[in-house]
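Residue numbers for the sequence shown follow the numbering used here, so the first one is 16 and each next one is one higher. One structure is given here, and the rest of the page talks about it.
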Amino acid sequence: MLKIKDLHVYYGGIHALKGLNINVPHNKIVTLVGANGAGKSTTLRSVMGLVKSTSGTVIYNDKDITNKKTKDIVLQGVVMVPEGRRIFPNLTVEENLTLGAYTRRSKDSINKDMKWVYELFPILKDRLWQKAGTMSGGEQQMLAVGRSLMTKPKLLMMDEPSLGLAPLIVKDIFDIIKEIHKEGVTILLIEQNAKAALEIADYGYVLETGTIVLEGNGIDLLNNDKVQKAYLGE
16 MLKIKDLHVY YGGIHALKGL NINVPHNKIV TLVGANGAGK STTLRSVMGL VKSTSGTVIY
76 NDKDITNKKT KDIVLQGVVM VPEGRRIFPN LTVEENLTLG AYTRRSKDSI NKDMKWVYEL
136 FPILKDRLWQ KAGTMSGGEQ QMLAVGRSLM TKPKLLMMDE PSLGLAPLIV KDIFDIIKEI
196 HKEGVTILLI EQNAKAALEI ADYGYVLETG TIVLEGNGID LLNNDKVQKA YLGE
């Protein structure tokens, strides 16, 4: 579904991505783990056209989307849940979710997906008229994921969905990711919480300073000695 080939990205004089190669098959969960500054967020931002690559290609469903306009990439079904949630704090929960569906026209389809979001996140249904900025961090993360689902993504990319959340909320978020995947959504997950990410991933990549240093099935990476020492504290 998504193929990143020999991607190079520079930030000023910093070579952020150094010939990145990643494959995200249809209807799989793929995770990209690594420390701060490894280039994980840059990877997603490059796919979305928010950061321009110097060379290399991004192929989505056999179409070259390298450095295309973000709005055109979204219209093809590629959606990102950004790090830090980036909800609209002065708008209500319902208004945030409605904005997620801005590219869509069918009211029946939108209402159906709104119902699905409320089934995934019952707390959001209870807070319809609450200003998003007054919600807890975990609730805001749920809203950010819900808003992205209202776009009806085929490929959902998530940037550090567990960042700053309490352990119990982290478990809820990862359970929701599995539920979204069951509905046929392909997922590319960026995470510092390597254990949680690799436990649910079909395939994983380990990124260090812009370079893939390890890759393999999620469970194999979870049991890899190097990964355990570097990212799992074992």
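Even for Gly, the Cβ is constructed at its ideal location relative to N, Cα and C.
Look up residue i in the DSSP assignment and give the residues it is bridged to.
i, result
"residue 227", "222"
"residue 16", "DSSP output for residue 16 lists no bridge partner at all."
"residue 30", "25"
"residue 44", "202"
"residue 37", "19"
"residue 232", "218"
Please report how far the alpha carbon of residue i lies from the alpha carbon of residue j, in whole angstroms.
i, j, result
"residue 39", "residue 72", "14 Å"
"residue 16", "residue 148", "35 Å"
"residue 231", "residue 110", "40 Å"
"residue 49", "residue 213", "12 Å"
"residue 256", "residue 161", "Given that the chain is displayed from residue 16 to residue 249, the structure contains no residue 256 and the question cannot be resolved."
"residue 136", "residue 179", "19 Å"
Assuming residue i is part of the beta strand (DSSP E), what are its boundary residues?
i, result
"residue 70", "70–75"
"residue 81", "No beta strand (DSSP E) contains residue 81, which DSSP labels as neither H nor E."
"residue 102", "First-last for residue 102: undefined, no H or E at that position."
"residue 66", "Premise fails: residue 66 is in no beta strand (DSSP E) and is neither H nor E."
Please name the residue in the options whose C-alpha comes closest to that of residue i.
i, options, result
"residue 173", "181, 200, 151, 183", "200"
"residue 120", "245, 65, 181, 165", "165"
"residue 101", "118, 88, 142, 150", "150"
"residue 206", "62, 123, 175", "175"
"residue 226", "125, 27, 41, 53", "53"
"residue 29", "65, 224, 64", "224"
Discussion item. Threshold first: 4 residues or longer. Then list the alpha helix (DSSP H) segments lying entirely within the segment 110–198, N to C.
Written reply: 122–135, 137–141, 152–164, 182–197
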